[in-house]
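Counting from 2, one number per residue, gives the positions in the sequence shown under my numbering.
A virtual CB, placed ideally from N, CA and C, is assigned to each residue, including glycine.
Here's the structure, in structure tokens; my notes come after.
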Amino acid sequence: MFYDVRKNDHGLPHDPFKAIVAPRPIGWITSMSTAGEINLAPYSWFNGVSSRPPMVMFSSETRKDSLAFIEETREFVCNFTTWDLREQVNQTSAPLARGVNEMARAGLEPAPSRLVRPPRVAASPCALECLWVKTVSLDDCEGRPTDRHVVFGQVIGIYIDERFIKDGLLDTGAMRPIQRAGYNDYYTVVSETRFAMKRPPGG
Ligand SMILES: Cc1cc2nc3c(=O)[nH]c(=O)nc-3n(C[C@H](O)[C@H](O)[C@H](O)COP(=O)(O)O)c2cc1C
């Protein structure tokens with residue numbers, strides 16, 4: 002099949018786009034307002050965009066609290082989402098009023114970050130402490146505003162639960178990450194499915 006997105010004539014019960022750009026890692030983002038309020042929410046339009054310096058991005062579809070808090074205090078933390086934390090990840094996506102602490106609501110313990118003020122989720126095995134770099138508010142190809150805002154951050158500190166370091170390498174599969182697919186679907190990784198491929202010389 003083929004469909005023209007501008008006509009949206011896929012004929013399927015649900016839009017398949019997010020099931021194609023999948024599985025997506027989830028940035029579970031902690032941020033803080035100038036008043037010290039804490040916010041936690043999952044974002045799957047999220048990824049790393051640079052290794053040196055390490056940089057990440059996430060996209061806020063409309064202007065949400067995470068974006069507002071990050072632009073106020075210019076710091077955030079991306080917590081790693083796991084199978085064990087799946088219920089809390091989902092719970093923290095509830096549209097609560099600004100200033101309601103989703104971390105506390107989901108029964109999650111905060112742990113202090115080292116280099117930024119927003120705390121990390123203590124039970125998450127990895128956390129990226131970030132400084133805000135810029136927000137790019139996207140216009141579409143016709144130049145019309147979309148109300149989609151991509152936040153870029155530079156990672157300045159990384160927390161890793163050492164239980165998942167084996168022979169000097171971080172064992173991603175052992176942390177049982179959950180990733181987002183389309184519809185209400187998620188993927189989880191089973192470490193046995195991991196395989197390695199060396200890049201071609203110079204690649
Ligand atoms: C797994 C998951 C991934 C999500 N990814 C995004 C995303 O990439 N962008 C977005 O705008 N909302 C996303 N959402 C919805 C937000 O988490 C939700 O709107 C939340 O209330 C935003 O919180 P905030 O206003 O406290 O930032 C996602 C929800 C879930 C459960």
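- Here the alpha carbon of cysteine 131 sits roughly 32 Å from the alpha carbon of proline 17.
- For leucine 68, there is no enclosing beta strand (DSSP E); the enclosing alpha helix (DSSP H) covers residues 66-74.
- The closest heavy atom of ligand 1 lies less than 7 Å from the beta carbon of arginine 181.
- With a beta-carbon spacing of about 5 Å, leucine 116 and isoleucine 157 fall inside the 8 Å limit used to define contacts.
- Per DSSP, reduced to three states, the secondary structure at methionine 2 is coil, with no helix or strand assignment.
- Around the beta-carbon of arginine 145, fewer than 16 other beta-carbon atoms lie within 10 Å, marking it exposed.
- No heavy atom of ligand 1 is found nearer than 7 Å to the CB of tryptophan 84.
- With contact defined as three or more Cβ pairs closer than 8 Å, the stretch 14-28 and the stretch 170-188 are in contact.
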